[in-house]
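Notes follow once the structure below has been shown.
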Amino acid sequence: PFFMLAGEVMNVGGLSRRIVDLALALVGHVKGGLGYVTIMAGCLLSALSGSAVADAAALTALLLPMMVKAGHNKVRAGGLIASVGVIGPVIPPSIGLVIFGVAANVSISKLFMAAIVPGLLIGGALWVTWAWLVRREDIVPPPRKSRAEIIAAFRSATWALLLPVIILVGLRMGVFTPTEAAVVAAVYALFISTVVYRELKPSQLYGVFVSSAKTSAIVMFLIAAAMVSSWLITVANLPAAVVGLLQPLLDSPILLMAAIMLLVMAVGTAMDMTPTILILTPVLMPVVKAAGIDPVYFGVLFIINNSIGLVTPPVGTVLNVVAGVGRMRMDDVTRGVMPFMLAEFAVMFLMVVFPALVIVPARWFSG
């Protein structure tokens, strides 16, 4: 709940806007620069809020009008913003990783450390895809910002940039637990928004608290309902049935992971992220453990797959957010997101084939 509160405060309190301004100062002058700004800002915002919906809403409101005004195709721009929202639940602090860690009894700190490189790889894939798509667009980029303007943008965003550093270093050094980290994030965001930036007024606090409480209540209700589902799944001996079904693949972890990812991909088209995590985790974890697959590695790929499901029709929660905030048709956003979604799936299956892309950096970050 406190991570959700932190994300809400950052959007209202000006932290998100300053991140976008910094990205604009750094790469806004290159061809297709607003697309690169979107990707860079998305990665930075992911390290602040951990919510795909919050990131997508903020980026759509801030950047979609700018991209359309600059001459970019609105369908493509909306698709890019939606796909960047996928990074939100991957780069820590991630609400999805927290929910999975609780459901699977896996170290949340290790999940956070393991997800850093995969999240950046997804951002890199989107960067390359955008560069390929806009190479023929005849758009004149704005002039390069002066060194003084870049320094000013960096100074303005410094307080926002310090938040993920504090969280990750604190977790890495064992200063606080993931739950305590969420409280630190919320208190820090409130302090910066009200005292330093002075954009969050006392009169706005009630609305911020109510909004984050509503979001938290929805998640908690889903968790409670999923606990009942988990009990029914256990009583029905479904995990054993799934293990038996996948028995031929237990000796080949890569093939097993590929099969599981295809299953999760199919489920993700019809279910939102949180219920998918809570329902499938107790079913799949016994299979993963039986095959000797690292639970942290599995958790990261599982969350990446569920995150991509947020931009997969017909449900596509993030697609609905971009369509609503950007006043676009749902089918237009769906059409625009397709090339970026394929790039994200390609990165995910690359990590299935080469587990070291996740495991090695995770061990390095975790010590």
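Numbering (the working numbering), first residue to last: -1 to 365. No residue lacks a Cβ here, since even glycine has one placed at the ideal position from N, Cα and C. Keep in mind the model is a prediction, meaning the values are calculated, not measured.
| Query | Result |
| --- | --- |
| Close Cβ partners of Leu355 (< 8 Å) along its chain, the five nearest in sequence each way excluded | Val115, Pro116, Leu119, Leu348, Met349 |
| The stretch 42 to 61 in contact with the stretch 97 to 113 per 3-pair CB rule at 8 Å | no |
| Cα-Cα separation, Ile17 to Ala187 | 14 Å |
| Whether Val358 touches Val84 by CB criterion (8 Å) | no |
| Under 8 Å between C-beta atoms of Gly48 and Val35 | no |
| Cβ neighbour criterion (16 or more within 10 Å) applied to Pro141 | exposed |
| Cβ-based burial, Leu95 [other Cβ within 10 Å; buried from 16] | buried |
| Selected residue, minimal CA-CA separation from Val262, among Ser250, Ile275, Ala239, His70 | Ile275 |
| The stretch 338 to 348 / the stretch 296 to 307 touching (three or more Cβ pairs under 8 Å) | yes |
| Terminal residues of the alpha helix (DSSP H) in which Ser154 lies | 145 to 170 |
| Within the stretch 286 to 336, ranges of the alpha helix (DSSP H) (whole runs, at least 4 residues) | 293 to 307, 315 to 323 |
| Cβ contact check for the stretch 312 to 324 and the stretch 121 to 132: 3 or more pairs under 8 Å | no |
| Proximity of Asn9 and Ala56 at Cβ, strictly below 8 Å | yes |
| Reference Leu230, options Ser81, Pro293, Val281, Asp249, closest by Cα | Val281 |
| Straight-line Cα distance separating Arg327 from Val298 | 32 Å |
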